[in-house]
Amino acid sequence: IEDVDDNPPTFPEPPHYTIREDQSILTPFAVLQTEDRDTPENSDVFYSITGGETTEYFDVFSQTGQLYLNQLVDRETEVVHLLEITAQSFLGDASDCTELSCSVTTLTVSLIDVNDNTPQWSLREYIIGVNETTVPGTTIGRIEAQDADAEDFGLVWYRLTVPATPLVTLEEDTGVLRLNQSLDLLQFRVSPVFTAVAFDNRGSSPSSISMNVPVELVSVAEEYLVVLTISQSLAEVQADMNQLQRVVEMVPGARLSVYDIRESTASEEEAGGRVVKRQGPQTDVVLFGLSSDGGQLLTSQQTLDVISNNASVFGDMYTITTVKVFPVPASEEDSEDLDRLTLTIVVASVVVGVLLVVLFVTLCGCCWLQNRLKQKRKYYEPSHRSNRQGYRDERESVRYSTAEGVELYGDSELFRDSWGERGWGEEGEDMFRPKEVTMREGGRRNRDGGATDSGTRPWDSQNSEEVRRSVLYESKVTLASLTVYQNTGADYEPDVACFFLGFCHGCV
1 IEDVDDNPPT FPEPPHYTIR EDQSILTPFA VLQTEDRDTP ENSDVFYSIT
51 GGETTEYFDV FSQTGQLYLN QLVDRETEVV HLLEITAQSF LGDASDCTEL
101 SCSVTTLTVS LIDVNDNTPQ WSLREYIIGV NETTVPGTTI GRIEAQDADA
151 EDFGLVWYRL TVPATPLVTL EEDTGVLRLN QSLDLLQFRV SPVFTAVAFD
201 NRGSSPSSIS MNVPVELVSV AEEYLVVLTI SQSLAEVQAD MNQLQRVVEM
251 VPGARLSVYD IRESTASEEE AGGRVVKRQG PQTDVVLFGL SSDGGQLLTS
301 QQTLDVISNN ASVFGDMYTI TTVKVFPVPA SEEDSEDLDR LTLTIVVASV
351 VVGVLLVVLF VTLCGCCWLQ NRLKQKRKYY EPSHRSNRQG YRDERESVRY
401 STAEGVELYG DSELFRDSWG ERGWGEEGED MFRPKEVTMR EGGRRNRDGG
451 ATDSGTRPWD SQNSEEVRRS VLYESKVTLA SLTVYQNTGA DYEPDVACFF
501 LGFCHGCV
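Residue numbers (UniProt numbering): 1 to 508.
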């Protein structure tokens, strides 16, 4: 009897293989086995993967049945992989299979865990707060890390770096920190910092991660417990923490850390549900609260200086953040005080500014007048109608006193007179006119140098031998522009009236 290919290849039992999760790709890890009752000439078998949820990770050599990985697998993502394997007696598409030519089975691939994950800290930052009166042996905090590996590879141990600080001890299997010695704030100029290490696989090839953990030492009066009451919603937790951080991050030197997170009670939910309280030795003091409209988180005028230890509840729902405390006015009285202080400062600034402007104007006027007084000019008698031929015009008047030492002395008074273009009696300007004048030594000379008088001569027919202050006369349009000069060239010391005139001139 001639044999024909009328028996399909069959699997003795569903294949099941176990591999490590770090199995190399493109390296066969198993060979499929089948049976065919046909003669060897008709017992060729071809294999293919025709189904399964993770077919992208595996493949098979069609003629040899060797299984291999196309890409790396991860036990933490998928522990067991189920694949559909088809064995057929012909080389072709599996869709052409019949009962006499093909058979199908389920292949199971289980992954063995390896230590391929490093422990990760539960919190981004740990800050431990310790009171100086804490008794040695007291638990002061706990650090915690998780490892995604399974079984023994997922166990985490803790230790302090060598040399370990004598201040605290660390339980290697729990991460509990205990105070190891008595504290005295005078011994520590800065807060001590130790390095904690979390590692796995105590047997061999451990992976580890380290973190610096500062220990904040506080006095008895500064010991407080900070409690943030929130709901269990992750979104609300993050919103509350972000809002708190924005409000309290302005004041240098103050930091805040959450000690514990718990569910809000019914009364707290009715009150707003978001309250931070500081618990002191005697009474509870509200540090933070919502404004009347519920839209702004306010703080009282106190600064939180204490760093508490990390939260132990809902640790996976939030990331602890170190922030700075911003004391803002929490009452209307505080706001009114600030408004009054601001108004006082503004008014005082305006008054000081006005006084400075007045002082500046006065100084400018005095400087201007003093400079004018220091000018040295010669005296020229105004043109006189009765003797106009002996004098030049107003711009080229002949000196009344000569260079031989004739000097003019006298008082002066301001009165309104009519002065024309070249003499008295016509409309003109306000003038200084000598009330009485004394002349000496040589008398008056004509334009050509000849003496016209000698000895003493009055201006207004009143003689006086009293030597008076030398005064120069010059016509000006206004009183404020009136300038007094000295004939002899000596420095003239301005009196109070001069300063007053200078101030008036500066204001104008």
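Glycine included, every Cβ here is placed at the ideal spot set by N, Cα and C.
Fill in: Where GLN33 falls, given that 16 or more other Cβ within 10 Å makes a residue buried
Taking the first residue of the sequence shown as 1, we reach residue 33 at position 33. By the neighbour-count rule (16 or more Cβ atoms within 10 Å), GLN33 is not buried but exposed.
Worksheet item: Beta carbon of PHE11, beta carbon of ALA87: below 8 Å?
Response: Taking the sequence shown and counting its residues from 1, the one referred to as residue 11 is at position 11. Taking the sequence shown and counting its residues from 1, the one referred to as residue 87 is at position 87. Yes, these two residues count as a Cβ contact at 8 Å.
Discussion item. I'd like to know whether the C-beta atoms of ALA196 and ILE140 end up nearer to each other than 8 Å.
Written reply: Here residue 196 refers to the residue found at position 196 of the sequence shown. Here residue 140 refers to the residue found at position 140 of the sequence shown. Going by C-beta atoms, ALA196 is not nearer than 8 Å to ILE140.
Discussion item. Out of GLU76, ILE345 and VAL104, which one is the CA nearest neighbour of SER110?
Written reply: Within the sequence shown, residue 110 is the residue found at index 110, counting from 1. For the residues GLU76, ILE345 and VAL104, the minimum Cα distance to SER110 belongs to GLU76.
Worksheet item: Is it buried or exposed for ILE112, if we count other Cβ within 10 angstroms and need 16 for buried?
Response: Along the sequence shown, one-based indexing puts residue 112 at 112. The residue is exposed, with fewer than 16 neighbouring Cβ atoms inside 10 Å.
Worksheet entry | Own chain partners of ARG246 with C-beta closer than 7 Å, once the 5 adjacent residues on each side are dropped | For the purposes of this step, residue 246 is taken as residue 246 along the sequence shown, with counting starting at 1. Residue placement at ARG246 is flagged as unreliable, the pLDDT there being 47, under the threshold of 50; a coordinate-derived value is accordingly withheld.
Fill in: C-alpha distance - ASP59 paired with ARG178, whole-angstrom precision
What you label residue 59 is simply residue 59 of the sequence shown in a count that begins at 1. What you label residue 178 is simply residue 178 of the sequence shown in a count that begins at 1. Rounded to the nearest angstrom, the two C-alpha atoms are 55 Å apart.
Worksheet item: Taking the alpha carbon of THR27 as the point to measure from, which residue in VAL176, PHE153 and GLN71 has its own alpha carbon closest?
Response: Along the sequence shown, read from residue 1 onward, the residue named residue 27 stands at position 27. Nearest of VAL176, PHE153 and GLN71 to THR27, Cα basis: GLN71.
Worksheet entry | Separation of GLU151 from ALA198, as counted between CA atoms | As a working mapping, residue 198 is identified with position 198 in the sequence shown. As a working mapping, residue 151 is identified with position 151 in the sequence shown. Spanning the two alpha carbons is a distance of roughly 17 Å.
Worksheet item: Are the beta-carbon atoms of THR106 and PRO14 separated by less than 8 Å?
Response: Numbered from its first residue, the sequence shown carries residue 106 at position 106. Numbered from its first residue, the sequence shown carries residue 14 at position 14. Yes.
Worksheet item: Count the other CB atoms within 10 Å of the CB of GLY65; is the residue buried (16 or more) or exposed (fewer)?
Response: Taking the first residue of the sequence shown as 1, we reach residue 65 at position 65. GLY65 should be labelled buried.
Discussion item. Within 10 Å of its beta-carbon, does HIS16 have 16 or more other beta-carbons around it, so buried, or fewer, so exposed?
Written reply: For the purposes of this step, residue 16 is identified with residue 16 of the sequence shown, where counting begins at 1. Label assigned to HIS16: exposed.
Worksheet item: Who are ASP6's beta bridge partners in DSSP?
Response: Taking the first residue of the sequence shown as position 1, residue 6 is located at position 6. For ASP6, which the question treats as bridged, DSSP gives no partner whatsoever.
Item to complete: Go through its chain and collect everything with a Cβ distance to ASP44's Cβ below 7 Å, but skip five positions before and after it.
Response: One-based indexing of the sequence shown puts residue 44 at position 44. These residues qualify, in order along the chain: SER89.
Worksheet item: In angstroms, rounded to a whole number, what distance separates the CA positions of GLN63 and GLU35?
Response: For the purposes of this step, residue 63 is taken as residue 63 along the sequence shown, with counting starting at 1. For the purposes of this step, residue 35 is taken as residue 35 along the sequence shown, with counting starting at 1. If you take the alpha carbons of GLN63 and GLU35, they lie about 14 Å apart.
Practice prompt. With a threshold of 16 other CB atoms inside 10 Å of the CB of TYR485, please say whether the residue is buried or exposed.
Written response: Here residue 485 corresponds to residue number 485 of the sequence shown, with the count starting at 1. Any answer about TYR485 is weak, because its pLDDT of 35 lies below 50 and its placement is not dependable; what the coordinates show is given next. It counts as buried.
Item to complete: Quick one: measure Cβ to Cβ for ASN180 and VAL168, integer angstroms, because I've assumed they're closer than 8 Å.
Response: For this step, residue 180 is matched to residue 180 along the sequence shown. For this step, residue 168 is matched to residue 168 along the sequence shown. Yes, they are in contact, since the Cβ atoms of ASN180 and VAL168 sit about 5 Å apart, within 8 Å.
Worksheet item: beta strand (DSSP E) containing ILE49: first to last residue?
Response: Walking along the sequence shown from the start, residue 49 turns up at place 49. Run containing ILE49: 46–52, per the beta strand (DSSP E) assignment.
Worksheet item: Comparing the C-beta of ASP173 with each C-beta of chain B, is any distance below 8 Å?
Response: The structure shown contains no chain B; it is built from a single protein chain.
Worksheet entry | Beta-carbon contacts of THR134 that lie in its chain and below 8 Å, excluding the five residues immediately before and after | Numbered from 1 along the sequence shown, position 134 holds the residue referred to as residue 134. Within the same chain, THR134 has close Cβ partners ILE140, LEU179 and LEU183.
Practice prompt. Go ahead and pull the three-state DSSP assignment for PHE153.
Written response: Residue mapping note: residue 153 aligns to position 153 of the sequence shown, counting from 1. PHE153: helix per DSSP, three-state reduction.
Worksheet entry | Residues near PRO166 by beta carbon distance below 8 Å, same chain, minus five either side | Taking the first residue of the sequence shown as position 1, residue 166 is located at position 166. The answer, listed in chain order, is ASN180 and GLN181.
Discussion item. Please return the same chain residues whose Cβ sits closer than 6 Å to the Cβ of GLU56, not counting the five positions on each side in sequence.
Written reply: The residue you call residue 56 lines up with position 56 of the sequence shown. Answer for GLU56: no residue qualifies.
Fill in: Beta-carbon proximity of ILE49 to GLU21, cut-off 8 Å
Numbered from its first residue, the sequence shown carries residue 49 at position 49. Numbered from its first residue, the sequence shown carries residue 21 at position 21. Not a contact, by the Cβ cut-off of 8 Å.
Worksheet entry | Helix, strand or coil at ARG340 according to DSSP, with G and I counted as helix | Working through the sequence shown from its first residue, we reach residue 340 at position 340. Residue state, collapsed to three classes: helix.
Worksheet item: Alpha carbon to alpha carbon, what distance is there between SER24 and TYR68?
Response: In the sequence shown, counting from the first residue as 1, residue 68 sits at position 68. In the sequence shown, counting from the first residue as 1, residue 24 sits at position 24. Spanning the two alpha carbons is a distance of roughly 9 Å.
Fill in: Distance, ASP38 Cα to LEU100 Cα
As a working note, residue 100 is residue 100 in the sequence shown. As a working note, residue 38 is residue 38 in the sequence shown. If you take the alpha carbons of LEU100 and ASP38, they lie about 11 Å apart.
Practice prompt. Please determine, among THR18, VAL104 and THR344, the residue with the shortest C-alpha to C-alpha distance to GLY52.
Written response: Here residue 52 is taken as the residue at index 52 of the sequence shown, counted from 1. Of the listed residues, the one whose Cα sits closest to GLY52 is VAL104.
Worksheet item: Can ASP149 be considered in contact with the ligand NAD, in the sense that its beta carbon sits closer than 7 Å to one or more heavy atoms?
Response: What this structure holds is no ligand at all, so the ligand NAD is not there to describe.
Fill in: Beta-carbon proximity of VAL156 to GLN146, cut-off 8 Å
Residue numbering aside, residue 156 sits at position 156 when the sequence shown is read from its first letter. Residue numbering aside, residue 146 sits at position 146 when the sequence shown is read from its first letter. Going by C-beta atoms, VAL156 is nearer than 8 Å to GLN146.
Worksheet entry | Euclidean distance between Cα positions of VAL350 and GLY365 | Counting from 1 along the sequence shown, the entry for residue 350 is found at position 350. Counting from 1 along the sequence shown, the entry for residue 365 is found at position 365. Cα-Cα distance, rounded: 23 Å.
Worksheet item: Relative to the alpha-carbon of TRP121, which residue among TYR158, PRO40 and SER95 has its alpha-carbon at the smallest distance?
Response: Reading the sequence shown from its first residue, position 121 is the one you call residue 121. Of TYR158, PRO40 and SER95, the residue nearest in Cα terms is TYR158.
Fill in: N- and C-terminal bounds of the beta strand (DSSP E) containing THR138
Taking the first residue of the sequence shown as 1, we reach residue 138 at position 138. Taken as a continuous stretch (DSSP letters only), THR138 belongs to no beta strand (DSSP E), as it is neither H nor E.
Worksheet item: Does the separation of the CB atoms of GLU78 and THR54 fall below 8 Å?
Response: Walking along the sequence shown from the start, residue 78 turns up at place 78. Walking along the sequence shown from the start, residue 54 turns up at place 54. Result yes, Cβ atoms of GLU78 and THR54 sit closer than 8 Å.
Discussion item. Using CA atoms only, rank isn't needed, just tell me which of VAL73, ASP96, VAL176 and PRO136 is closest to TYR126.
Written reply: Taking the first residue of the sequence shown as 1, we reach residue 126 at position 126. Checking every option, the nearest Cα to that of TYR126 belongs to VAL176.
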